[in-house]
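A.B. asks: Questions regarding the structure given below will be posed in turn.
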């Protein structure tokens, strides 16, 4: 009877250790990939911020209606980036952090089973171990459901806001009065004297954010390397990204 | 009268050149930033593809309901990445390419005005130049409205699909039967003999995609550098990204 209990205890300890190791491995990997996903979202937001600046810079050089329309779009698009920032922060707090926290929980559980095994009598340990395994499993299922539900909710909130913002932005873009702008532009061709006309033109062609960026896209050599990576490919797409940035700098 | 025409012609030529230079500069910069934005979207899609793999790998080690729920989510999430891929391709074709094409148009327009100026008589040139400027301006306003409208439409299409996919995914996630899984897990604690039980445990703890990834997130040292860049910062966020990847590799 004691021998059977000892065998049972050893088997349960191994089962607990296997379960704990599995969670440790997969939650760690999930945490890492989710963190990478959130990081890429943050990079996308950074690029969108640059786009806002660039649209504003261009808008400043344009005729009134187009200028107003573009500045309006830049403002809406900037608002969307604030929502994206909130999305990034929520994903960190509600998805990445809880997965990271599991590392600590797992370490504690492992110590707990080791301790139980070493210090308690066989019958009590066996019952206690079953309880520990049971609680661990229960909590894990609950947590994984919760983490994925949080992920989905946070993403939905952002996509919903995006639809809202873009709907308004589209209508504003359509409302830009091309004809009126063309009239304004035409009238600048026949001002009272040439110097006035040239002043208008010169004032319009100065952007408030004069930058050193050369117009690489116009040279026709800019690459947009967006081809899909193979499904089995690992994180070395980062390296790929670097190379491409270097290529662009050299163009 | 001829002198006035020559002056008028010169002023118009300069105005045309200023307008063309302004478009060349800003469309080039917009093209570049839009291309960067699309590239980051493609990187996000790559990370999401890795996430699909990782979720499937973890799901394979789990009890039936959780396994089914996670695999279902991975499938829906993969579908969303196909929409993201379509979004990336559309943005390239309808936003980045048209902006890039402007480089060629601008070069032709510049040659056109130079040629007109050099070869035609003053009166004809002046009228012709006005027409050229007018057409250029008209086309430009039309094109910029069109490019931005395309951008908004493509983005909306994706966000709409995302909402649709996540709505279904959320409902499926909520439907995962925790209690049944727990019962299945519990029954694996009392199989006819220990070897059977251990077989079940061992079979469950083997993932189909055994990887060499260490669980860095669990160590608590993983960094999620998502802090917003300064609005005036340029493209060197790429460098930042590389450094962080290196840091992670070293952890």
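Protein chains in written order, with our numbering: chain C, 32 to 282; chain A, 32 to 282. Positions of the beta carbon are idealized from the N, C-alpha and C atoms, including for glycine.
(1) Using a cut-off of 7 angstroms between C-beta atoms, extract the partners of residue 89 of chain C located in chain A.
(2) Is the Cβ-Cβ distance between residue 68 of chain A and residue 79 of chain C less than 8 angstroms?
(3) For chain C, is any of its Cβ atoms less than 8 angstroms away from the one on residue 166 of chain A?
(4) Specify, as a first and last residue, the run of the alpha helix (DSSP H) that residue 206 of chain C falls within.
(5) Does the Cβ of residue 168 of chain A have 16 or more other Cβ atoms within 10 Å, making it buried, or fewer, making it exposed?
(6) Residues in the same chain with beta-carbon distance under 8 angstroms from residue 164 of chain A, minus the five sequence neighbours each way, listed in chain order, please.
(7) Kindly list, in the order they appear in chain C, the residues whose Cβ is closer than 7 angstroms to that of residue 92 of chain A.
(8) Could you tell me the alpha carbon to alpha carbon distance between residue 174 of chain A and residue 98 of chain C, rounded to whole angstroms?
(9) Out of C/184, C/52, C/138 and C/192, which has the shortest C-alpha to C-alpha gap to residue 125 of chain C?
(10) Residue 74 of chain A and residue 76 of chain C: beta carbons closer than 8 angstroms?
(11) Look at residue 114 of chain C and residue 58 of chain C and say whether their C-beta atoms are less than 8 angstroms apart.
(12) What does a CB cutoff of less than 6 angstroms around residue 142 of chain C pick up in its chain, not counting 5 residues either side in sequence?
(13) To the nearest angstrom, how far is the alpha carbon of residue 187 of chain C from that of residue 83 of chain A?
(14) Which whole runs of the beta strand (DSSP E) in the region 106-167 of chain A are 3 residues long or more, in chain order?
(15) Is residue 52 of chain A helix, strand or coil by DSSP?
(16) Can you pull the chain C neighbours of residue 205 of chain A, defined as C-beta to C-beta under 9 angstroms?
(17) What residues in the region 187-201 of chain C bring their beta carbon closer than 8 angstroms to a beta carbon of chain A?
(18) Please classify residue 139 of chain C as buried or exposed, where buried requires at least 16 other C-beta atoms within 10 Å of its C-beta.
(19) Quick one: which chain A residues come within Cβ less than 8 angstroms of residue 143 of chain C?
(20) Does residue 198 of chain C come out as helix, strand or coil in the three-state DSSP assignment?
(21) How would you label residue 130 of chain C, buried or exposed, when you count the other beta carbons within 10 angstroms and need 16 or more for buried?
(22) Would you report the Cα separation of residue 41 of chain C and residue 146 of chain C, rounded to the nearest angstrom?
C.D. replies: Concretely, from the data shown:
(1) Here residue 89 of chain C refers to the residue found at position 58 when the first chain is read from its first residue. Result: 57 and 61.
(2) To locate residue 68 of chain A, count along the second chain from 1; it is residue 37. To locate residue 79 of chain C, count along the first chain from 1; it is residue 48. Their beta carbons are under 8 angstroms apart, which means residue 68 of chain A touches residue 79 of chain C by this criterion.
(3) Within the second chain, residue 166 of chain A is the residue found at index 135, counting from 1. So, not an interface residue.
(4) Here residue 206 of chain C corresponds to residue number 175 of the first chain, with the count starting at 1. Where residue 206 of chain C is concerned, there is no enclosing alpha helix (DSSP H), given that its DSSP letter is neither H nor E.
(5) One-based indexing of the second chain puts residue 168 of chain A at position 137. With 16 or more neighbouring CB atoms inside 10 Å of its own CB, residue 168 of chain A falls in the buried class.
(6) Start at 1 with the first residue of the second chain, and residue 164 of chain A comes out as number 133. Cβ neighbours of residue 164 of chain A beyond the five flanking positions: 43, 46, 47 and 50.
(7) Numbered from its first residue, the second chain carries residue 92 of chain A at position 61. Result: 53 and 57.
(8) One-based indexing of the second chain puts residue 174 of chain A at position 143. One-based indexing of the first chain puts residue 98 of chain C at position 67. The alpha-carbon atoms of residue 174 of chain A and residue 98 of chain C are separated by roughly 14 angstroms.
(9) Position 94 of the first chain, counting from 1, holds the residue named residue 125 of chain C. When C/184, C/52, C/138 and C/192 are compared, the shortest CA-CA separation from residue 125 of chain C is found for C/184.
(10) What you label residue 74 of chain A is simply residue 43 of the second chain in a count that begins at 1. What you label residue 76 of chain C is simply residue 45 of the first chain in a count that begins at 1. Their beta carbons are not under 8 angstroms apart, which means residue 74 of chain A does not touch residue 76 of chain C by this criterion.
(11) Taking the first chain and counting its residues from 1, the one referred to as residue 114 of chain C is at position 83. Taking the first chain and counting its residues from 1, the one referred to as residue 58 of chain C is at position 27. Residue 58 of chain C sits away from residue 114 of chain C, with the two beta carbons spaced by 8 angstroms or more.
(12) Residue mapping note: residue 142 of chain C aligns to position 111 of the first chain, counting from 1. Setting aside the 5 residues that flank it on each side, residue 142 of chain C has no residue in the same chain whose C-beta is closer than 6 angstroms to its C-beta.
(13) Within the first chain, residue 187 of chain C is the residue found at index 156, counting from 1. Within the second chain, residue 83 of chain A is the residue found at index 52, counting from 1. Straight-line spacing of the CA atoms in residue 187 of chain C and residue 83 of chain A works out to 18 angstroms.
(14) Secondary structure remark: continuous beta strand (DSSP E) runs of at least 3 residues inside the region 106-167 of chain A: none found.
(15) Here residue 52 of chain A corresponds to residue number 21 of the second chain, with the count starting at 1. In the displayed model, residue 52 of chain A falls within a helix according to three-state DSSP.
(16) Residue numbering aside, residue 205 of chain A sits at position 174 when the second chain is read from its first letter. Within chain C, the residues near residue 205 of chain A are 176 and 180.
(17) Result list: 187, 190, 191, 193, 194, 197, 198, 200 and 201.
(18) Position 108 of the first chain, counting from 1, holds the residue named residue 139 of chain C. Burial call: exposed.
(19) As a first step, residue 143 of chain C must be located in the first chain, where it is residue number 112. Residues of chain A with a Cβ closer than 8 angstroms to the Cβ of residue 143 of chain C do not exist; the shortest Cβ-Cβ separation is about 17 angstroms.
(20) Walking along the first chain from the start, residue 198 of chain C turns up at place 167. Of the three classes helix, strand and coil, the one that applies to residue 198 of chain C here is helix, per DSSP.
(21) The count along the first chain starts at 1 and reaches residue 130 of chain C at position 99. Flag for residue 130 of chain C reads buried.
(22) Within the first chain, residue 41 of chain C is the residue found at index 10, counting from 1. Within the first chain, residue 146 of chain C is the residue found at index 115, counting from 1. Each residue's alpha carbon lies about 13 angstroms from the other.
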